[in-house]
Every structure is written in structure tokens, then in C-alpha cells.
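>
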Amino acid sequence: MNAADRTPALVLVLNAGSSSLKYQLLEPDSGTVTADGLVERIGEQTSIITHEQDGGQIVEELHLPDHQAAIAKALELFAAKGTDLADANLCAVGHRVVHGGRSLYRPTLIDQHVIDEVARLAPLAPLHNPPNLVGIEAAQALLPDVPGVAVFDTGFFHDLPDASARYAIDRELSDKYALRRYGFHGTSHDYVSHAAAAYLGLDYEKTNQIVAHLGNGASMSAIRDGRAVDTSMGMTPLEGLVMGTRGGDIDPGLLFHLNRVVGMSVDEIDQLLNKQSGLKGLCGENDFRAVTEMIEAGDDNAREAYDIYIHRLRGYFGAYLVELGRTDVISFTAGVGENAAGVRADSLAGLEAFGIEIDPERNAVRSSDARVISTDASRTTVLVVETNEELEIARQAQAVVSAGAHSA
Ligand code: ADP
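In the numbering used here, the protein residues as written are 1 to 408.
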């Protein structure tokens, strides 16, 4: 064994959006994060890179024409901080890929077939898969000796039962065009549900769980005996809960009306539903903290936005509690779920008859550790669990690479 083999393996996790790139360098075994970065406004006149390493932060404004330039700049900043990634014990680059369709769901070593497949699936996730691919190709160009692993946001929901995955529309049409519920945020639901079972010392395969991932995007999942059986997001991330800028469930008839009566084009409706709806559409702010401040200042629209947000959440809790029958654990996660005690209390208030009772004092505790917020008498244990999608991607990427190394 040489010295490099003894240093803990590192994974570079990349999450490439249309004009942004998030990256993290971490040790999957310990979870230790070496560096964290965000590049914004890629392709615009002035891009911004924020790189954090060793307790210090570098912020630079410069023109980064594309994702390859953004990754090259990140590598330069790593080197400036004394970490030459070409020389570090980097075992994989883990890529968040949003849509794997029906064919790609397990974390997968990236080869030409995977690239072609992710490109073929682009119509199912036009805002996400193309930039994910650009990230993959840029990493291949800059770190050609490091294997890339794709981890799919849809993967955790691959085995949804047909009753929850299939839309009640013409069967031939949905089969021909692969129209079904795929679900998203799978890496987070996977990580949090495993962390919840581990924290409570429960056997994952025998535990029934609900996970509420409430961030800018929001989704809920129902997990029976360790298998995802339902999720609020659909063929695209537009379905389900009220989110920052997406409204979630809506009568499709409203869209015909917007087109035929209001005269909006399909692209305008797309923009409306993806960018101008949800909390933003209802009260002008998509950031939950800003909405909370508006409520405190007496803004009626913000109050109503909150009420709609909670109403939808309770509807999904109700559906999933009935679907699961026995629910052992409910976990709240992501920015809102981890921090907004009021949302947790309001969305599960008055459910004592269902065996759910929140303890106000426990719920008020602020901590980054997993914690119970239900009373000891509550039949369902309610938790707050911090999500960590990067760590999950890093672990899955490392597992794929080491399985390949062992079978080789
Ligand atoms: P994403 O990863 O989907 O971009 P996050 O999981 O970071 O989102 O969640 C972002 C959301 O969490 C924002 O709406 C933000 O306002 C909200 N949030 C963060 N901190 C708090 C807090 N202390 N109280 C209420 N909401 C918060």
C-alpha cells in the first residue's frame, strides 16, 4: 500500500444548474468537508465564485463563460489553498443528475452510454439534465483520470408502486411517452430516512416513515418497510406541495384557461408555474424567512400564503398517514423543515387522535443534531433531521467506484 492509499479517499460532488455550479470536496467515510463552493451567473458578463476552505472564504467576480471554465476556476482556487485535485486522493467525481427516467436509477459509473441516456432524457427535465451533462463533460475534460458517478434525484423513487406512479390518463399515451410520477429530491429522502432509522435504532426495512423535505423546492415521501411507496412530486418537480416559486398541485383545467381565455403562451405558463407561483406568487417573496417577516409585520397576503402552505402540507400528511396505516417516524428536513418550528407545529397540530403529538419545548430547540420533537406518548415519533445530499452522493459514488474496483 502506498501513501496515497492510506490517506482517506475524497469525492468531489458537483451539482450543475443552468447558470450555477455547487461543489463540495469531502471524505465520504467521515463526512469531513474539505471545501465548499458556489459559482453563480455562469455565462453572464460577471460571474461570482465563492470558495470556502480551511475556515477562509474567497469571493471573486470574473467572467466564466461556461461550466468548464467554472470548474477550472474552482480547481485553481483549490490549488491556491494548497489542494491540487489532480494529486489528491480523489476517488470519484459524484454528479447530481436530476432525471434518470426508467432506465437509470442506481448510482452509475459514467460512460458514453450514460451520457447518451441522460441526453435522451433531457425532454423530461429540460431545465436540469442539460446542465448536469455539461458538468459531467467539463469534469471529464479537467479530471480525465477520475471516474465520474451519476447519482439520480429520481433513483430513490424508481420502485414506486404503479398505483402511485401512474397517472390516470390514456395508458397507451403514457406508456409511449413515459408519462408517470418519477419523484425528485430522492437523495435527500434516502439520506434522511436512513439517518432517522439509524438515530432511533430501528431496522430500516421494517420501518414506515414520512419525510417532509421543505426547502426552496419541497416534497414529501411515504416509505413502507424501507421502500418508497409515494411522493408528492410528479413527472416534473412542479407537482405537490407549495414551494418557493412553484405552486404545486393545480387543476390542469386552469392551464387551458390561461391559454385559451387569458391568451398566455405555453412558455409563459411554464414560466408562471416554475418561477412566479408558490410563496412568491402569493405574496411576492419566495424565501421563507422573508415571508415570516412579512407576516410579523402584519401583511395579509403573506399570512394567507402561509395558510395555503400549511393546508397543502396537512393534506399530504393525511394522505400518507392513511396510506401507511402505521407510521413509525415523521422527519422534517431542509431549510424550512429544519428551522421553522412553527411550520412543524402547525402542520401536525391537533393530530393526537392519529397518535401524533408535538412537544412544544422540544420543537423549539435549535440544533443541527437529529432530534425528537414529539412527546414520549406520541405513537409516531416526529424528528428534525438535517439533510446532507452531498454526503449521500459522495458515499454512493465511492461505493460504485469501490464495487467496480473489486469486481475488476
Ligand atoms: P434548497 O436547497 O432547496 O435551495 P434549502 O433547503 O436551503 O433550499 O431551504 C431554503 C429555504 O429555507 C428558504 O426558503 C429559507 O428561507 C428557509 N430557511 C432557512 N433558514 C430558515 C429559518 N431559520 N427559518 C425559516 N426558514 C428558513
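All C-beta atoms, glycine included, are put in the ideal place defined by N, C-alpha and C.
Since the structure is predicted, the reported quantities are computational estimates derived from the model, not experimental observations.
So the candidates are Asp-145, Arg-344 and His-99; which of them puts its Cα closest to the Cα of Gly-234?
Of the candidates Asp-145, Arg-344 and His-99, the one whose C-alpha sits nearest the C-alpha of Gly-234 is His-99.
> Can you tell me which of the three DSSP states Gly-63 falls into?
Note that residue 63 is His in the sequence shown, not Gly. Three-state result, His-63: coil.
> Would you mind stating whether Arg-326 and Leu-241 have Cβ atoms separated by less than 7 Å?
It is not a contact, given that the beta carbons lie outside the stated cut-off.
> Using a strict less-than 5 Å threshold between each residue's beta carbon and the heavy atoms of the ligand ADP, what residues do you get?
Taken from the N-terminal end onward, the list reads Gly-215, Asn-216, Gly-217, Asp-287, Phe-288, Arg-289, Ala-334, Gly-335, Val-336, Asn-339 and Ala-340.
> Can you name the residues that DSSP bridges to Asn-412?
No answer is possible for residue 412: it lies beyond the span of the chain, which begins at 1 and ends at 408.
> Quick check on Ile-58: buried or exposed, where buried means 16 or more other Cβ atoms within 10 Å of its Cβ?
Exposed.
> So Tyr-309 packs on Leu-348, CB below 8 Å; how close in whole Å?
About 14 Å separates the two Cβ atoms, so there is no contact after all.
> Using three-state DSSP, classify Phe-184 as helix, strand or coil.
Three-state result, Phe-184: coil.
> Return the first residue and the last residue of the beta strand (DSSP E) that Phe-332 is part of.
Element bounds for Phe-332: 329 to 333.
> Would you check if there are 3 or more beta carbon pairs closer than 8 Å linking the segment 260 to 267 to the segment 189 to 203?
Because the criterion of three Cβ pairs below 8 Å is not met, the segment 260 to 267 and the segment 189 to 203 do not touch.
> Note the first and the last residue of the continuous alpha helix (DSSP H) segment covering Ser-277.
Neither: Ser-277 is in no alpha helix (DSSP H) and is coded neither H nor E.
> Tell me which same chain residues have a C-beta within less than 6 Å of the C-beta of Gly-17, skipping the five on either side of it?
Closer than 6 Å at the Cβ level, and outside the excluded window around Gly-17, lie Pro-131.
> Exposed or buried, Glu-390, counting other C-beta atoms within 10 Å across all chains shown (16 or more means buried)?
Buried is the call here.
> Please name the residue or residues paired with Ala-212 in a DSSP beta bridge.
Its beta-bridge partners are Met-220 and Phe-332.
> So, are the CB atoms of Arg-224 and Leu-324 less than 7 Å apart?
Yes, they are a contact pair.
> List the whole-angstrom C-beta distance separating Met-220 from Tyr-316, where the pair is believed to meet the contact cut-off of C-beta under 8 Å.
Indeed they touch by this definition, with Cβ atoms about 5 Å apart.
> How about Gly-135 and Gly-186: are their beta carbons less than 7 Å apart?
Contact flag unset, no.
> If you follow the alpha helix (DSSP H) that Leu-321 is in, where does it begin and where does it stop?
Element bounds for Leu-321: 300 to 324.
> In three-state DSSP terms, what is Ala-341?
In the structure shown, Ala-341 sits in a helix (DSSP, three-state: H, G or I).
> CA-CA distance, Ile-210 and Ala-197?
Rounded to the nearest angstrom, the two C-alpha atoms are 12 Å apart.
> Would Asp-36 pass as a contact of Pro-8 if the rule is Cβ separation under 7 Å?
Contact flag unset, no.
> For Asn-15, which residues from the same chain have a beta carbon less than 6 Å from its beta carbon, with the 5 sequence-adjacent residues on both sides left out?
Same-chain partners within the cutoff: Lys-22 and Arg-96.
> Could you tell me whether the segment 122 to 131 touches the segment 162 to 174, using the rule of 3 or more Cβ pairs below 8 Å?
Result no; under three Cβ-Cβ pairs closer than 8 Å.
> On the three-state DSSP scale, how would you describe Gln-112?
DSSP places Gln-112 in helix when its eight states are reduced to three.
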